[in-house]
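Number of protein chains: 2
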Amino acid sequence: MTARSSSESARDIPEATVARLPVYLRALNALADDGIRTCSSEELALSAGVNSAKLRKDLSYLGSYGTRGVGYDVDYLRYQIAREIGVTQDWPVVIVGIGNLGHALANYSGFRSRGFRVVALLDADETRHGEVVAGVDVRAFGDLEEIVETHGVAIGVIATPAGAAQDVADRMVGCGITSILNFAPSVIVVPEGVDVRKVDLSIELQILAYHEQRKANVT
Amino acid sequence: MTARSSSESARDIPEATVARLPVYLRALNALADDGIRTCSSEELALSAGVNSAKLRKDLSYLGSYGTRGVGYDVDYLRYQIAREIGVTQDWPVVIVGIGNLGHALANYSGFRSRGFRVVALLDADETRHGEVVAGVDVRAFGDLEEIVETHGVAIGVIATPAGAAQDVADRMVGCGITSILNFAPSVIVVPEGVDVRKVDLSIELQILAYHEQRKANVT
DNA sequence: CTCAATTTGTTCTCGCGTTCACAAACTCCT
DNA sequence: AGGAGTTTGTGAACGCGAGAACAAATTGAG
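Chains as they are written, first to last, in our numbering: chain D, 1 to 219; chain L, 220 to 438.
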């Protein structure tokens with residue numbers, strides 16, 4: 001299943017490591033902005049908020065990009081991580097659902113600066129079609145196929161109410177979208193081969209509430 | 220460290236389980252809305268998008284709330300989970316940073332319906348003070364102490380740009396806030412005893428991009 | 001050139017979480 | 001009442017990730 005014919009990047013990077021690579025990349029960018037050209041695993045780990053042993057192990061999955069006795073070249077490592085994640089290229093993204101959250105996402109500058117380009121905002125509400133939000137056209141949900149095909153979109157973002165999420169996901173999958181970021185508070189089912197990541201705002205708060213309650217209960 | 224003097228809820232629930240309890244709660248609410256009064260672990264697991272064995276083990280940490288041969292009483296289980304998480308009570312929350320994301324969070328109905336009440340929106344921008352967003356007063360960041368004390372706030376949400384996040388966190392901790400939900404794309408450092416959860420929108424997309432790239436590379 | 005100091009890459013061990021598999025408990029039908 | 005059929009709760013095995021610890025590689029001083 002994980003056999004790769006491509007000669008490079010054939011390593012199988014653990015999921016936990018993949019989730020931390022963007023954090024390292026951000027830390028490296030911050031260091032570069034400060035004019036720092038070289039850093040040790042200890043320093044980088046501090047910036048990223050992780051253990052240095054973990055950092056080194058994570059980086060070792062990518063290859064040997066450090067120099068013993070010296071550390072890592074910030075620019076070089078930055079490029080290597082970006083390439084591994086795939087953010088050296090430009091990823092077109094569609095956002096469905098132009099409520100408060102869709103608005104916020106469309107305006108979020110962090111997407112663009114990290115290689116993601118919002119090519120369209122889709123909504124079922126016809127009265128909003130033709131509007132321009134954050135420099136992006138608001139279009140009809142029915143235009144999804146056309147937009148996906150024209151721009152070669154592989155990543156879709158769901159920012160609709162819970163009730164619409166599964167329908168939207170089905171349509172996205174039907175168009176050939178293979179990665180979905182779901183902000184709707186509902187579980188969506190997709191075929192094998194499609195990746196879904198879920199961000200649920202109220203769940204995060206509930207987890208905090210659980211711990212908060214326990215703190216209070218230690219009498 | 221985990222010794223509890225309180226007689227009930229003395230069990231130590233694994234972190235991974237805690238993170239899933241809100242999902243189960245949501246699934247149970249959906250079932251209840253459909254008029255379903257009883258469900259098996261298999262059915263509930265399907266709604267929640269998990270394995271039924273995992274679901275049963277998770278629930279077993281709370282106690283034996285099911286009936287063998289029958290399943291779980293939806294209302295009863297719902298109450299037990301809600302009580303365990305702590306969402307039977309009302310949690311006052313402050314949001315700092317009234318940008319696009321702060322706006323979206325303030326308007327998010329999912330908070331209120333789950334026991335979280337936004338008591339104030341704070342922002343450094345003086346021109347916005349006195350405004351009312353989503354029925355909540357926009358106040359000066361300097362009012363943090365007063366608001367936290369008045370309402371007994373234990374949970375704070377950071378929705379500022381990255382540069383301000385650490386300062387805001389420090390102030391929050393200084394006021395006695397012990398749980399922080401951080402949407403700013405930066406690592407924040409807090410003292411022992413303070414819980415931080417981080418939601419980073421662009422990191423989620425980068426993780427998707429990594430997998431997307433790998434799919435494309437399987438030639 | 002040699003040796004001390006530094007820092008990476010990797011091996012090893014431990015603990016947590018997931019999953020399987022099954023005994024225990026309950027219902028319902030005859 | 002008894003037995004077949006369900007479904008929970010949990011013991012045990014397994015796999016992954018975290019962290020400690022160390023060997024290998026590099027630098028720089030004398």
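Cβ coordinates follow ideal geometry from the N, Cα and C atoms, glycine included.
Note that the structure is predicted; figures quoted are calculated from it, not measured.
Asked, Found
"With a threshold of 8 Å between beta carbons, is Asn248/L in contact with chain D?", "no"
"Mind listing, in chain order, the continuous beta strand (DSSP E) runs of no fewer than 3 residues lying wholly within the stretch 310–381 of chain L?", "310–315, 335–342, 355–359, 374–377"
"Hey, is the stretch 98–111 of chain D in contact with the stretch 66–73 of chain D, meaning 3+ C-beta pairs nearer than 8 Å?", "no"
"Under a CB-based cut-off of 8 Å, is Ile155/D close to chain L?", "yes"
"Cβ closer than 8 Å: which chain D residues qualify as neighbours of Phe360/L?", "Per Cβ cutoff of 8 Å: no residues; Phe360/L is ~20 Å from chain D at best."
"Report the residues of the stretch 415–429 of chain L with a CB closer than 7 Å to any CB of chain D, ordered along the chain.", "Arg416, Val418, Leu420, Ser421, Ile422, Glu423, Leu424, Gln425, Ile426, Leu427, Ala428, Tyr429"
"Can you name the residues that DSSP bridges to Gly290/L?", "Thr286/L"
"Please state whether the Cβ-Cβ distance between Tyr243/L and Leu265/L is less than 8 Å.", "no"
"Taking the straight line between their C-alpha atoms, what separation do you get for Ile207/D and Glu131/D?", "38 Å"
"Looking at Leu278/L and Leu247/L, is the spacing between their C-beta atoms short of 8 Å?", "no"
"From the DSSP output, which residues share a beta bridge with Cys258/L?", "Tyr291/L"
"Along the chain, where does the beta strand (DSSP E) containing Asp195/D start, and where does it finish?", "195–198"
"For Ser405/L, report the span of its beta strand (DSSP E) as first-last.", "Here Ser405/L belongs to no beta strand (DSSP E), and DSSP marks it neither H nor E."
"Mapping the DSSP letters down to three states, classify Ile180/D as helix, strand or coil.", "strand"
"Please compile the residues from chain D whose C-beta is within a distance smaller than 8 Å of the C-beta of Tyr214/L.", "Nothing in the structure corresponds to residue 214/L, since chain L is present only between 220 and 438."
"By DSSP, does Asn29/D sit in helix, in strand, or in coil?", "helix"
"Can at least three beta-carbon pairs, one atom from the stretch 413–432 of chain L and one from the stretch 191–210 of chain D, be found at a separation below 8 Å?", "yes"
"So Thr397/L contacts chain D; which residues on that side make the cut at Cβ distance below 8 Å?", "Glu212, Lys215"
"Express the C-alpha separation of Gly412/L and Lys57/D in angstroms, rounding to a whole number.", "28 Å"
"For Tyr243/L, which three-state DSSP category applies?", "helix"
"Interface residues of chain D around Ala323/L at Cβ under 7 Å?", "Asn100, Leu101, His103, Ala104"
"State yes or no: is the C-beta of Pro410/L within less than 8 Å of the C-beta of Ala381/L?", "no"
"Nearest chain L C-beta to Ala16/D closer than 8 Å, yes or no?", "no"
"Using three-state DSSP, classify Leu62/D as helix, strand or coil.", "coil"
"Give me the Cα-Cα distance between Thr221/L and Asp231/L, rounded to the nearest whole angstrom.", "For Thr221/L, the predicted model reports a pLDDT of 34, less than 50, meaning its position is unreliable; a value from the coordinates is still stated below. Taking the straight line from one Cα to the other gives about 8 Å."
"Rounded C-beta distance between Ile188/D and Gly156/D? I'm assuming under 8 Å.", "Actually they are not in contact, since the Cβ atoms of Ile188/D and Gly156/D sit about 11 Å apart, beyond 8 Å."
"Just the chain L side, please: which residues come within less than 7 Å of Ile85/D by C-beta, in chain order?", "Gln425, Ala428, Tyr429"
"From Thr257/L, Val312/L, Lys273/L, pick the residue whose C-alpha is nearest to that of Thr286/L; which is it?", "Thr257/L"
"Evaluate contact between the stretch 307–319 of chain L and the stretch 330–348 of chain L, counting only Cβ atoms and requiring at least three cross-stretch pairs below 8 Å.", "yes"
"Please look up how many angstroms separate the CB atoms of Val315/L and Thr369/L, rounded, as I've assumed it's under 8 Å.", "Not a contact, Cβ separation roughly 16 Å."
"Cα separation between Gly142/D and Cys175/D?", "11 Å"
"Throw me the rounded Cβ distance for the Leu122/D and Leu144/D pair, which I believe falls under 8 Å.", "6 Å"
"Could you compute how far the alpha carbon of Tyr280/L sits from the alpha carbon of Ala30/D?", "42 Å"
"Tell me the residue span of the alpha helix (DSSP H) that contains Ile13/D.", "Where Ile13/D is concerned, there is no enclosing alpha helix (DSSP H), given that its DSSP letter is neither H nor E."
"Ordered along the chain, which non-local residues of its own chain (more than five positions away) have a Cβ less than 8 Å from that of Ile366/L?", "Val313, Val338, Ala339, Leu341, Arg358, Val372"
"I'd like to know whether the C-beta atoms of Ser271/L and Ser283/L end up nearer to each other than 8 Å.", "no"
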